[in-house]
Amino acid sequence: ANHHGEIAYLTGLARPDVAMINNAGPCHLEGFGDVAGVARAKGEIFQGLSATGVAIINRDDPHADDWIGLNPGRRIVDFGLDRPAAVSARILDAAANRFRLIAPTGETEVRLPLPGRHNIRNALAAAAGALAAGATLDDIRRGLESLRDVGGRLQRLRGRHGGTVIHDAYNANPASLAAALHTVGAGPARKWLVLGDMRELGPAASELHAQSGREARTTGFERLYALGEHSRVAAAAFGAGGRHFTDLEALMDALSRDLTHGAEPPTILIKGSRGMRMERVVAVLVEPGETGANPEGQG
């Protein structure tokens, strides 16, 4: 959705038995104004829910209480990592994304084959929805452990330079970029970021790109290659090692030259809004035949 009323229309057509909001973040701000506007728009999903329907809500989100207030009398199943919730997790091994899933019906150990703490929270959302639909904990564990990565979503590929390329270029907003930065930043390798503009951020675009540039620095990235009008601000905020380019060819030339120097090949994270088509960078950097390396970025 990118404007108010769109979700209300769709939920009126679908009339769901279970409705979930995973989070509200800084995306499509041109249509919603601010994150509070995003949260209000997402809350429209509950308008189509029957009185006996189930509302699934992320207790960690700052807008959780507002969404709960939209569901008087309905059954609510909340989930969360940081605040008490009906469906939660105790992380056993952060590097391996192994955790104890805790639910009203019991507990089970899960080894999630997707990287990142944010994906553990996504797994809790899926578990809460599955429980509301009648699945057992064993069903949920098997489903989560059988997950496979999706092209363009933190997808690890072999780079021609001898290191790893992280293809996360399907789309981008400041929240998803932050999740990627923290996930990749936790690894031991040298880290470079190739960032295209994050679009539809409205008047806040410059400040949000600046915040992202600073966050890339604090999460351990050594270099930032920025493409697009707004990403210029990210490169400036990143400081030493940040460079801005007005066209893709110039960026690729600089990146290729830099990859010929240095003994340890870096891990390269590639991120940007769909319209920036940053998968073009992936296609040049990865070994031939790697899944997800085609020009359209499909896995």
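The numbering used here numbers the first residue of the sequence shown as 1 and each following residue consecutively. Beta carbons: idealized from backbone N, C-alpha and C, even for Gly. Computed from a prediction, not measured in an experiment: that's the story for all the values here.
Using DSSP bridges, identify the partner residues of residue i.
i: I270; result: H167, V194
i: R223; result: W192
i: R158; result: T164
i: D66; result: Answer is none; D66 lacks a bridge partner.
i: A103; result: G106
i: A89; result: L101
Does the beta-carbon of residue i have 16 or more other beta-carbons within 10 angstroms, so that it is buried, or is it exposed?
i: H244; result: buried
i: R111; result: exposed
i: R148; result: exposed
i: H161; result: buried
i: M20; result: buried
i: N122; result: buried
i: G134; result: exposed
i: T164; result: buried
i: Y9; result: exposed
i: T183; result: buried
i: R75; result: exposed
i: G228; result: buried
i: P295; result: Low local confidence applies: a pLDDT of 42 at P295 is under 50, so the model's placement there is unreliable, with the coordinate-based value given in what follows. It counts as exposed.
i: G12; result: exposed
i: A127; result: buried
i: A263; result: exposed
i: G297; result: Summary for G297: the model assigns pLDDT 43, below 50, so the residue's position carries little reliability; its value from the coordinates is reported in the next sentence. That one is buried.
i: E145; result: exposed
i: V38; result: buried
i: S212; result: buried
i: A180; result: buried
i: E287; result: exposed
i: R15; result: exposed
i: E290; result: buried
i: N2; result: exposed
i: G5; result: exposed
i: A94; result: exposed
I'd like the span of the beta strand (DSSP E) that includes residue i, first residue to last.
i: E279; result: No beta strand (DSSP E) holds E279; the alpha helix (DSSP H) holding it covers 279-285.
i: L147; result: Per DSSP, L147 belongs to no beta strand (DSSP E) and is neither H nor E.
i: T108; result: 106-111
i: A85; result: Where A85 is concerned, there is no enclosing beta strand (DSSP E), given that its DSSP letter is neither H nor E.
i: H244; result: 242-245
i: D78; result: 75-79
Looking at the unbroken alpha helix (DSSP H) that takes in residue i, where does it start and where does it end?
i: D258; result: 248-259
i: A127; result: 117-132
i: E264; result: Unbroken run through E264: none, as it is neither H nor E.
i: R214; result: 205-218
i: R232; result: 231-238
i: T183; result: 174-185
Do residue j and residue i come within 8 Å of each other at the CB atom, strictly closer than that value?
i: P62; j: A86; result: no
i: N97; j: I68; result: no
i: N71; j: A125; result: no
i: G116; j: L195; result: no
i: G43; j: D60; result: no
i: A234; j: A250; result: no
i: G252; j: D197; result: What sits at residue 252 in the sequence shown is Met, not Gly. Their beta carbons are not under 8 Å apart, which means M252 does not touch D197 by this criterion.
i: A41; j: I7; result: yes
i: V282; j: H118; result: no
i: K191; j: T267; result: yes
i: L157; j: L193; result: no
i: R142; j: Y170; result: no
i: G31; j: A51; result: no
i: V77; j: G53; result: no
i: G48; j: V35; result: no
i: L114; j: E107; result: no
i: R238; j: A216; result: The question names Arg, yet the displayed sequence has Phe at residue 238. Yes; because the gap between Cβ atoms is below 8 Å, this pair is in contact.
i: E200; j: L29; result: yes
Determine, using beta carbons only, whether residue i comes closer than 8 Å to chain B.
i: E145; result: Absent from the structure: chain B. Only one protein chain is present.
_Uninterrupted alpha helix (DSSP H) stretches inside the segment 13-59 (no shorter than 4 residues)_ = Counting only runs that start and end inside the segment 13-59, the alpha helix (DSSP H) elements of at least 4 residues fall at 29-32, 35-43.
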